[in-house]
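Working notes, beginning with the structure itself.
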Amino acid sequence: MILLVVLRKSLFLHPHACHLIFLLIAVAAIHRYIRDSYKVDGFRDKHVFITGCDSGFGNLLAKQLDGKGFQVIAACLTEKGAADLTAATSPRLKTLLLNVTDSESIRKAVEFVSTEVGGEVRRAAGLWGLVNNAGRSIPIGPTDWMEMEDFTKVLDVNLIGLIDVTLQFIPLLKKARGRVVNVASILGRLNLVGGGYCPSKWGVEAFSDSLRKDMSHFGVKVSIIEPGFFKTAVTSVDLINADMRRLWTRLPQHVKNAYGNTYLEDCRYNTKVQDFSMRMLCSADLSQVTRCMEHALTARFPRTRYGAGWDAKLFWIPLSYLPSFVADFVVKTLLPCPEEAKNNRKAS
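Numbering follows our numbering, with no gaps: position 21 of the sequence shown is 160.
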């Protein structure tokens, strides 16, 4: 506020001050562009481990880095995902099966990676990059539709699994003075849905900040990717609505009464609104995200946070700084109102 008052007075007293401000902004932008352009060298000697490579961002990043000459080790959840990726990349790329919710599976992945980078963990040359990309979104829906298991299903993958993977790979990352790239979301800044997804992404933000400060002593850099809406399984309206129908069928009657018998039908009707918002906000160009990941791995001075997608940069991230009632209004335009809430408004 004080800065705004000073700027306002400066502009009033000095008509040409705005030119100076624009010049300073331009200089800052040029400086950032030049700083971003400096790259590390020796890509072919650097190993990068990526989780969640069956599809989406992880799959594209693995192909992208493989094309750049990196020694990519891609972790997939399914054998089909691993086979398809192997067929689409060079013999240099290695795949393995990984369940990030299973500590033993992660331990085996660490053993595999340590062998690839030069022997046992204590003697290995080190891992240049760890990209924590594996994640899931559903179940999502109204909070009082959830059971504890619905939260843990998402948190175990998106947050606890990410932490477990990171902790087990830290010794290899320290040896290489490498990079950690954690995929969060704009929903790690702004809550739009109930369920475990938003809490998990807020947790990723917090964990990554702590990790970045602690690892800076050892030369390990940590970056957070904050994608907006992209056309992946996470944003599939069909999958989300199908899972909401599953949640509805198990609800106690008093909860169904509170939302009304037409609530699910209203959600399906409201799919038109959601489809419109997805067409406007969702991008099919996943490379907007993977370019950020690549920069975090290859830049001499990686950024702490990367907003990926025009909607993240121009809409969601600015919205996260506004009062909560503004974000609440956005959510209410996308979802129907429970019957009990309608009746309470009429009564008042």
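Glycine included, every Cβ here is placed at the ideal spot set by N, Cα and C.
* DSSP bridge partner residues for Val320 (one or two, in chain order) -> Val270, Ser362
* To do: Would you mind working out which of Asp377, Leu236, Tyr336 sits nearest Met285, comparing C-alpha positions?
  => Tyr336
* To do: Could you pull the start and end residues of the alpha helix (DSSP H) that Val211 belongs to?
  => Where Val211 is concerned, there is no enclosing alpha helix (DSSP H), although the beta strand (DSSP E) it sits in stretches over 210-215.
* **Among Leu162, Asp193, Lys207, the one whose alpha carbon lies nearest that of Lys185** => Lys207
* Element boundaries [alpha helix (DSSP H), containing His393] -> 392-398
* Apart from the five residues on each side of it in sequence, which residues of its chain come closer than 8 Å, Cβ to Cβ, to Ile299? -> Thr240
* Asked: Where in the region 270-296 do unbroken runs of the alpha helix (DSSP H), each at least 4 residues long, occur, reported from the N-terminal end onward?
  -> 287-294
* Leaving aside the five residues before and after Leu199 along the sequence, list all residues of the same chain whose C-beta is less than 6 Å from its C-beta, in chain order. => Leu425, Thr429
* Among Cys406, Ser362, Pro462, which has the Cα closest to the Cα of Ala435? -> Ser362
* Buried or exposed for Glu404, please, with buried defined as at least 16 other CB atoms from any protein chain shown within 10 angstroms of its CB. => exposed
* Asked: Roughly how many angstroms lie between the CA atoms of Leu306 and Lys340, to the nearest whole one?
  -> 18 Å
* In its own chain, which residues sit with a C-beta less than 6 Å from the C-beta of Val470, not counting the 5 before and 5 after it? -> Leu331
* What do you reckon, is the C-beta of Ala423 under 7 Å from a heavy atom of the ligand GTP? -> Annotation note on the ligand GTP: not contained in the displayed structure, which lists no ligands.
* Could you give the residue range of the beta strand (DSSP E) that holds Ile189? -> 186-189
* Could you check what DSSP says for Ala92 in three-state terms: helix, strand or coil? => In the structure as shown, the chain begins at 140 and stops at 487. Residue 92 is therefore absent and cannot be evaluated.
* Asked: CA-CA distance, Ala451 and Val359?
  -> 27 Å
* Asked: For Leu266, which residues from the same chain have a beta carbon less than 7 Å from its beta carbon, with the 5 sequence-adjacent residues on both sides left out?
  -> His186, Phe188, Val252, Val256, Phe308, Leu311, Leu312, Ala315, Gly317
* **With 16 other Cβ atoms within 10 Å as the buried cut-off, status of Gln427** => buried
* Looking only at its own chain, which residues have a Cβ that is under 8 Å from the Cβ of Ala201, when we skip the five neighbours before and after it? -> Ile189, Cys192, Val211, Ala213, Leu224, Thr228, Leu232
* Asked: Going by other Cβ atoms of all chains shown within 10 Å of its Cβ, with 16 needed for buried, is Arg328 buried or exposed?
  -> buried
* Consult DSSP for Lys370 and reduce its assignment to one of helix, strand or coil. => coil
* Could you tell me the boundaries of the beta strand (DSSP E) in which Val234 lies? => One point to set straight first is that residue 234 is Thr, not Val, in the sequence displayed. Note, Thr234: beta strand (DSSP E), 233-236.
* To do: Hey, could you find the ends of the beta strand (DSSP E) Gly446 is sitting in?
  => 444-447
* Can you grab the Cα-Cα spacing for the pair Ser149 / Leu162, in whole Å? => The predicted position of Ser149 is uncertain, since its pLDDT is 49 and thus under 50; a value taken from the coordinates is nonetheless stated next. Roughly 15 Å separates the two Cα atoms.
* Asked: Straight-line CA distance for Ala480 to Tyr398?
  -> 8 Å
* **Inter-residue spacing [alpha-carbon to alpha-carbon] between Arg389 and Ile173** => 56 Å
* According to DSSP, residues forming a beta bridge with Ser422 -> Phe369
* Report the rounded CA-to-CA distance for Phe346 versus Ile302, giving the unit in angstroms. => 8 Å
* Asked: Which partner residues of Pro438 appear in the DSSP bridge assignment?
  -> The sequence shown places Ala at residue 438, rather than the Pro named in the question. Lys178.
* Assigned exposure category for Leu159 - 16 Cβ within 10 Å defines buried -> exposed
* Asked: To the nearest angstrom, how far is it from the Cα of Thr217 to the Cα of Ile379?
  -> 22 Å
* Asked: Using the beta-carbon count (16 or more within 10 Å), is Asn483 buried or exposed?
  -> exposed
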